[in-house]
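Structure first, commentary second.
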Amino acid sequence: MTELIDEMNLQERIIGIPPPGCSVFAYYYFDIDMAESAHGRGAAVATGMKRAFPEAIVFTYQGDGDLAAIGTAETIHAANRGEKITAIFINNAVYGMTGGQMAPTTLLDQQTTTTPYGRDVKLEGYPIRMSEILALVEGAVYIERTAVNSPANIRRTKKAIRKALQTQIDDLGFSLVEILSPCPTNWKMSPLEAWQWIDKEMTKQFPLGVIKDTTGDKDAN
Amino acid sequence: MSRGGPGLGSIVASQSDYFQATRGGGHGDYRTIVLAPSSVQELADLTHHAFDLADKYQIPVIILGDGMLGQMMEPVEFKHEAPEELPIRSRALRGAKGRPSRIIKTFTSKPTELEELNWSLYRRYQLIRKEETSYETFLVEDAELIVVAFGIAARIAKGAIKNARTDGLKVGMLRPITLWPFPSAKVEELANGTKHFLVFEMNMGQMIEDVQLALAGKGEVSFYGRPGGVIPTPSEVFRVVSRLYYQKGLK
Chain L
3 MTELIDEMNL QERIIGIPPP GCSVFAYYYF DIDMAESAHG RGAAVATGMK RAFPEAIVFT
63 YQGDGDLAAI GTAETIHAAN RGEKITAIFI NNAVYGMTGG QMAPTTLLDQ QTTTTPYGRD
123 VKLEGYPIRM SEILALVEGA VYIERTAVNS PANIRRTKKA IRKALQTQID DLGFSLVEIL
183 SPCPTNWKMS PLEAWQWIDK EMTKQFPLGV IKDTTGDKDA N
Chain R
1248 MSRGGPGLGS IVASQSDYFQ ATRGGGHGDY RTIVLAPSSV QELADLTHHA FDLADKYQIP
1308 VIILGDGMLG QMMEPVEFKH EAPEELPIRS RALRGAKGRP SRIIKTFTSK PTELEELNWS
1368 LYRRYQLIRK EETSYETFLV EDAELIVVAF GIAARIAKGA IKNARTDGLK VGMLRPITLW
1428 PFPSAKVEEL ANGTKHFLVF EMNMGQMIED VQLALAGKGE VSFYGRPGGV IPTPSEVFRV
1488 VSRLYYQKGL K
């Protein structure tokens, strides 16, 4: 993200909204304007910012609980309105900061602190594919799912984020990059095992790739 | 669990949500029972009690813990025994088999009907005030200065008061356990013995308003608070207590 801010020359016009959660400290790592929002409300705050100041490039950085649990309504409706914002959606299949509870994105049979016997369809339902859901929403214009569990995937993630930011720069609509991300602490795995688990298990439920791209259909204006 | 605020704030203990819990801020002229545990054991006990109260009075009950209670470990004994027979709820919805249908609603197009509903809630709240107000007192019998504190602050205050007592200062404490209904009658009764009260809470001053209302001018209320998630130490509170004690000419 920071590389892109430099390469695309955005430092002076980009505004970010970090999440509550492990990544709340993002503002210590990015030398850009940033504002906290309440949990799940990133898309709403981003909407306000972008509409008040359309020249800015506004992005949110949200976890799976943030964007797909408490923030589902805000996310879907911001996408539906075609808000010209970019959501970076970090999917690690658990609620990280609070100690590893089940998230909407937790896989079936996955053990978490609130599903000690594994996620059971009958009690806890299915993992939710937020990218696919948002692809059905007409205001969403660019949606891609990537992962960060290998150098190649990290490079692919950077390309996806670049494309998402460009979508916003070109004023085309709502963009989102879903990034499958390891949480070795709460998955109770080593970092290497976590990387492998993303490949072996997560991508079965959350396939990588471009989910939606209608940017080519629209004019650059 | 109250944490430091406002906004994301911090994840350490604070008592900054007393107003939010007791004053509500939701819609309608309502009250909710608010319970304030000050130990992990009490958290367990009050949780059982909360369900019983909620069921008995058909009212929401808030268990107002804090970040410290949420993050500490203490031994707990689960002593609650469920009643053998659960009470029959005459308004429960189970399908209108063999009886007239029941509707759970408050909406009406007749204001007088809504007024009567509100008055019936008022009577229920009066009953709860009479029956369920709960508090703990600590060394108040001969106290010349009474600390009022709830939750984790009460434990900190207890440590301070024990030190004060070894120094010969006659300090006691009232610990409200139900923040709503607030033990106003007990506060007023304590003001018969002494007029000096110190409200100690981990915020900028919230419960103090209930103490002042209860005293209605009958006592003098001082305040010590630390907002933002700072956890005061017993020795800090002890210094405040003893300084106040001398300032009021009690020694």
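One line per chain: the protein sequences are L and R, in this order.
The first sequence begins at 3 in this note's numbering and counts up by one.
The second sequence begins at 1248 in this note's numbering and counts up by one.
We put the beta carbon where it would ideally sit given N, CA and C, even for glycine.
Let's test the definition: count the other Cβ atoms within 10 Å of the Cβ of residue i and tell me whether it reaches 16, buried, or not, exposed.
i, result
"residue 43 of chain L", "buried"
"residue 1473 of chain R", "buried"
"residue 2 of chain L", "Any property of residue 2 of chain L remains undetermined from this structure, which presents chain L solely from 3 to 223."
"residue 1388 of chain R", "exposed"
"residue 1422 of chain R", "buried"
"residue 1373 of chain R", "exposed"
"residue 118 of chain L", "exposed"
"residue 1457 of chain R", "buried"
"residue 221 of chain L", "In this predicted model, residue 221 of chain L has a pLDDT of only 49, less than 50, meaning its place in the structure is not dependable; the value taken from the coordinates is given anyway. Residue 221 of chain L should be labelled exposed."
"residue 1274 of chain R", "exposed"
"residue 1265 of chain R", "buried"
"residue 105 of chain L", "buried"
"residue 1453 of chain R", "buried"
"residue 85 of chain L", "buried"
"residue 1394 of chain R", "buried"
"residue 1349 of chain R", "exposed"
"residue 1492 of chain R", "buried"
"residue 47 of chain L", "buried"
"residue 199 of chain L", "buried"
"residue 176 of chain L", "buried"
"residue 1285 of chain R", "buried"
"residue 1296 of chain R", "buried"
"residue 223 of chain L", "The pLDDT assigned to residue 223 of chain L is 40, lower than 50, so where the model puts this residue is not dependable; a value taken from the coordinates is nonetheless given after this. Counting Cβ neighbours within 10 Å, residue 223 of chain L comes out exposed, since fewer than 16 surround it."
"residue 1367 of chain R", "exposed"
"residue 1401 of chain R", "buried"
"residue 170 of chain L", "buried"
"residue 56 of chain L", "exposed"
"residue 115 of chain L", "exposed"
"residue 1335 of chain R", "exposed"
Can you list the residues of chain R that residue i reaches, using a CB-CB cut of under 9 Å?
i, result
"residue 38 of chain L", "1254 and 1255"
Return yes when the Cβ of residue j is within less than 7 Å of the Cβ of residue i, no when it is not.
i, j, result
"residue 102 of chain L", "residue 113 of chain L", "no"
"residue 62 of chain L", "residue 143 of chain L", "no"
"residue 174 of chain L", "residue 149 of chain L", "no"
"residue 59 of chain L", "residue 39 of chain L", "no"
"residue 22 of chain L", "residue 1255 of chain R", "yes"
"residue 1391 of chain R", "residue 1441 of chain R", "yes"
"residue 137 of chain L", "residue 130 of chain L", "no"
"residue 1375 of chain R", "residue 1313 of chain R", "no"
"residue 45 of chain L", "residue 71 of chain L", "no"
"residue 107 of chain L", "residue 89 of chain L", "no"
"residue 1310 of chain R", "residue 1333 of chain R", "no"
"residue 1465 of chain R", "residue 1438 of chain R", "yes"
"residue 162 of chain L", "residue 179 of chain L", "yes"
"residue 50 of chain L", "residue 97 of chain L", "no"
"residue 1385 of chain R", "residue 1419 of chain R", "yes"
"residue 1380 of chain R", "residue 1425 of chain R", "yes"
"residue 1403 of chain R", "residue 1487 of chain R", "no"
"residue 1259 of chain R", "residue 1476 of chain R", "yes"
"residue 99 of chain L", "residue 24 of chain L", "yes"
"residue 210 of chain L", "residue 147 of chain L", "yes"
"residue 197 of chain L", "residue 155 of chain L", "no"
"residue 1436 of chain R", "residue 1262 of chain R", "no"
Taking C-beta pairs closer than 8 Å, name the residues in chain R that residue i reaches, listed in chain order.
i, result
"residue 26 of chain L", "1255"
Since residue i meets chain R, which of its residues come closer than 7 Å, beta carbon to beta carbon?
i, result
"residue 22 of chain L", "1255"
With which residues is residue i paired in a DSSP beta bridge?
i, result
"residue 1472 of chain R", "R/1448"
"residue 147 of chain L", "L/180 and L/211"
"residue 1467 of chain R", "R/1443"
"residue 1260 of chain R", "R/1250"
"residue 1310 of chain R", "R/1282"
"residue 1267 of chain R", "BP columns for residue 1267 of chain R are empty, so no partner."
"residue 63 of chain L", "L/90"
"residue 1392 of chain R", "R/1418"
"residue 16 of chain L", "L/59"
"residue 203 of chain L", "Paired residues: none, contrary to the question."
"residue 1294 of chain R", "Paired residue(s): none; residue 1294 of chain R is not in a bridge."
"residue 1302 of chain R", "Beta-bridge pairing links residue 1302 of chain R to no other residue."
Margin query: Ignoring anything shorter than 3 residues, give me the beta strand (DSSP E) runs that lie fully in the region 1413-1444 of chain R, in order along the chain.
Written below: 1418-1423 and 1425-1427
Next item on the list: Any chance you could list the alpha helix (DSSP H) runs of at least 4 consecutive residues sitting entirely within the region 88-143 of chain L, in chain order?
Entry: If only complete runs of 4 or more residues are kept, the region 88-143 of chain L shows the alpha helix (DSSP H) at 123-126 and 132-137, in order along the chain.
Next item on the list: Please specify which runs of the beta strand (DSSP E), each continuous and at least 3 residues long, are wholly inside the region 1304-1381 of chain R, giving them in chain order.
Entry: 1308-1310
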